[in-house]
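Residue numbers (our numbering), protein chains in the order written: chain B, 1 to 203; chain L, 1001 to 1421; chain D, 2001 to 2125.
Glycine included, C-beta positions come from ideal geometry on N, C-alpha and C.
This structure is a prediction, so every number in the text was calculated from the model and none was measured.
Data first, discussion second: the structure below is written as structure tokens.
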Amino acid sequence: MVSRPSSADAPGLDAQQYVQGGATQTAVKILVVGHFAVGKTTFIGSISEIEPLSTEETMTRVAAAVDDLKGVRGKTTTTVAMDFGRLTLSERVVLYLFGTPGQLRFVQMWEDMARGALGALILVDPERLADSFAVIDLIEQYGLDYAIAVNHFDGNPLRAEAALREALDLLDDTPVVTCDARDEKSSAAALTTLVRYLLDRAS
Amino acid sequence: MTKYTANPVVWALVLVLVVAVALVVRQRKAALASRQEIDGLREHYSDLEHRYTQSVEAAQEEADEATKTVLKSAMRTLQGLAAEQQLILSRLQSKYGESAILQDLLEVDHTNSQFGRRAQSIAVLCGGWLGRHRDTASVYDVVRSAQGRVRHFRRVEILSQVDFGVSSRAVEPVALALAELLDNATSYSSPDTVVEINIRTVPKGVVIVVDDAGVGMNDEERARAEKLLSSERVSGVAGLGNPPQFGMAVIGVLCERFGFEVSVDSSSPYGGVRAVVLLPHDLLTGMPEKRVPASSMPAAPLSAPMSAQMQAPMQAPMQPAMAAPVPAPAVAPAATPVESEPERALSSTADGLPLRRRKRPMAIVPPTTPVPVGSTRSGAEAAAIMGAFQRGTRSGRATQPDDADQATSTRASSSEGHEFS
Amino acid sequence: MTGSEEFELESADLVRAYVITKGRGLPDDQQLSLITLLTAAPEQGQRTLHLSPEEQRLLDICSAGYLSVAEIAGHTKLPLGVVRIVLAGLTEGGHLVTRPPVPRARQADKEILLEVLHGLQAKFG
């Protein structure tokens, strides 16, 4: 429990935190996955209407204590289980974007995330291509349809799409887009590409 | 007169008299001497007896002290381990908070709390360590902390709350004393009954009332309990019986040392025991500000080997299939690290890019999204997946996962289910 | 109780998570998934009497509108599983009402995907 409500009259959160028209909304989700530090949180943060949340706080705690055996001072730890954002798209559909950090921890968490997901957007850093393999493998094993979004950082040379496709062993129709996760429009475009592809697959 | 002096009979009588007197005197002397001797002996004996008692007491005290010292230090180790494990469990609960394993972690945590409490109680009796520092906490949370330390905590219900906090130094002793009361209350009442806790403010402070619906105590038991709660109690662990009855003695020590009161001299309205803990004002504070949220406790500084062990589940590689040049089976994605293993042998494209091999779905997820044909799962496949999953978690738990062994067994067991396109 | 070691090491949470969950098990995923939407039930007269601070806090969070289970967990910083257990208890107790995600069918999928696509286009141009 983070804090006590500020006043008895408004015990909940700020009004904009709640799902608009929640009583009639259908909640759906899309996974935004990728290896450690590929830019998932940035991506989600760029288009989420709420401040991205995580199920586990990023914890940086300076241990005031001295450990028995090691005598280490000021050790800090950062762990996030998954982070997510929200997009209310109409009075009928609210979209949740779920991301997971670098280390895949437990199959059950993936099952919870993957179950019922419309599809997955896989963020890839072209300079650390091999780091993405395990994530792509997982998404394929879960049978989720996906699109690849190549997160383009300034100064990185753009790889030829054909080369990427070959390296990632993608199906011909799997979309590959380039995006800048910091940019709202660019992120939204990547998401739109995925949804178009999912629509094609559903037809 | 002269006619008597000539009488030999008289002389004889006189002689007899003299002899008799002499005899009597001598007897008296002898009697006196022997009496003195007896007195001396008696004195000597009592002196000896006294000295004997003294040395027996000293020996006993010494033995008690030795026992206490040994127990104290042994318990210190156990308490430290239990506390360390509790921190690890907090961290794991945050880490695996989304998964079914959480359930198991909560159970282990419960057992660990009971274990820690037992060690703590013995330590308290031996004048040992009470535990790590605690922040000020609400009376309600101190009560819940106590609740969590007994086996049948589900039967304990807290029916009322107060807006008071317990001062930092009293948190642990009050929680421990209350835990001992709750242990008694739940142990000596039927498993289908509830142990009720009511927290109330009274002029002297705050009372925590514990009512059970057990059979109560008879006069003898009550007298014994009251003696243990009072200062007449024997110190240390001697005289606690077999199996030892720690509870009341622990509570007695804690009350004395930290200045709160516990009484068990009334009956609960449900027929069992009513125990009342009175926390005086000087152990109370205002409601504490909520600090870091419960259970989102970050990793505490752990000792090096522990830390390494905790990292193991994340680092235990499932030997990703792309390492094998021949088609290898898909493995359940338990604890697969996303970050690539640099030492992994990778094939590469003509452009020099690392090369991946496409996977086929395992259909663990219900096919809510279109699933490619041929991916429905047979019983054998399901079993293989679950097997791989279990191996995954097992290997994750192992300190030193045997990669080679794991990879072979995974390959063998799931080979019928998955192949690569 | 003796020596300075008492204050050397950090202690774990005073109230353990299994006490907060009251020893209950995880709810069925179908019952409370990550994106199940919840809100406080309208009639909440004397609800607060026997609720734990965590239950009270979750009810407060849900008091003014709908939120997904994941969001609620994000606001509390409790482990997601713990939040799900407590939310399930509150739902069973009639304190919360849920809107489970609609059962998925291909046709519904397509309609929803269209809705998502149009929504994204409307929102981001």
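Here G22/B is not near A2064/D, since their CB atoms are 8 Å or more apart. Here the C-alpha atom of Q2121/D lies approximately 11 Å from the C-alpha atom of V195/B. For E1062/L, no Cβ of chain D is located within less than 8 Å of the residue's own Cβ. For chain B, none of the residues of the region 1082-1093 of chain L brings a beta carbon within less than 7 Å of one of its beta carbons. With contacts defined as CB atoms closer than 8 Å, V2069/D and V93/B fail to qualify as a contacting pair.
Listed in chain order, the non-local C-beta contacts of K2022/D below 6 Å within the same chain number zero, local neighbours out to five positions each way being set aside. In this model, P1008/L and V1018/L are separated by some 15 Å (Cα to Cα).
Setting aside the 5 residues that flank it on each side, L198/B is surrounded in the same chain by L118, G119, D145, each with a C-beta closer than 8 Å to its C-beta; the list follows chain order. The region 1240-1254 of chain L and the region 1137-1151 of chain L do not touch, with fewer than three beta-carbon pairs separated by less than 8 Å.
For D1351/L, the C-beta contacts it makes with chain B under 7 Å involve A163, in order along the chain.
Fewer than three Cβ pairs drawn from the region 1038-1057 of chain L and the region 1105-1112 of chain L lie within less than 8 Å of each other, which leaves the two stretches out of contact. Cβ contact annotation for R2057/D (same chain, cutoff 7 Å, sequence separation greater than five): T2076, in chain order.
Within chain D, the residues F2124 have their CB atoms less than 8 Å from the CB of E184/B, given in chain order.
The region 1208-1222 of chain L and the region 1263-1274 of chain L touch, with three or more beta-carbon pairs separated by less than 8 Å. Below 8 Å, enough C-beta pairs join the region 1349-1358 of chain L and the region 165-172 of chain B to call them touching: three or more. Your pair R1155/L and T1186/L checks out as a contact, with CB atoms roughly 6 Å apart and the cut at 8 Å. Taking 9 Å as the cut-off between beta carbons, the residues of the region 2064-2094 of chain D near chain B are A2064, G2065, Y2066, L2067, S2068, A2070, E2071, A2073, G2074, H2075, T2076, K2077, L2078, P2079, L2080, V2083, in sequence order. For G1131/L, the nearest CB of chain D lies under 8 Å from its own CB, placing it at the interface with that chain. If you check the CB distance, A1063/L and G1131/L do not come in under 8 Å. The beta carbon of V2116/D sits closer than 8 Å to some beta carbon of chain B. Not one beta carbon of chain L lies nearer than 8 Å to the beta carbon of T2036/D.
The Cβ atoms of L121/B and A27/B do not sit closer than 8 Å to each other.
Y2018/D counts as buried, since at least 16 other C-beta atoms from the protein chains shown sit within 10 angstroms of its C-beta. Contacts with chain B at 8 Å (Cβ-Cβ) do not include L1105/L. Within chain B, the residues E140, Q141, Y142, G143 have their CB atoms less than 7 Å from the CB of P1361/L, given in chain order. Counting only runs of 3 or more residues that sit fully inside the region 115-170 of chain B, the beta strand (DSSP E) segments are 119-124, 146-151, in chain order. Fewer than three pairs of CB atoms, one per stretch, sit closer than 8 Å, so the region 2082-2090 of chain D makes no contact with the region 34-54 of chain B. In the pairwise beta carbon analysis, the region 1173-1189 of chain L is classified as touching the region 1140-1149 of chain L: at least three pairs are separated by under 8 Å. Contacts between L2120/D and chain B, judged by CB atoms closer than 7 Å, involve L89, A188, L191, T192, V195 in chain order. The beta-carbon distance between V33/B and T88/B, rounded to whole angstroms, is 23 Å. This is too long to meet the 8 Å contact definition.
Between the C-alpha atoms of T100/B and V1206/L there is a straight-line separation of about 47 Å. Residue nearest to I1122/L within the set S1138/L, S1094/L, S1073/L, R1091/L is S1073/L (criterion: CA-CA distance). Here D2060/D is not bridged, per DSSP, to any residue.
DSSP places E1157/L in the strand class (E or B) of the three-state scheme. With at least 16 other beta carbons inside 10 angstroms of its own, Q1093/L counts as buried.
Interface criterion not met: the Cβ of P1203/L is under 8 Å from no Cβ in chain B.
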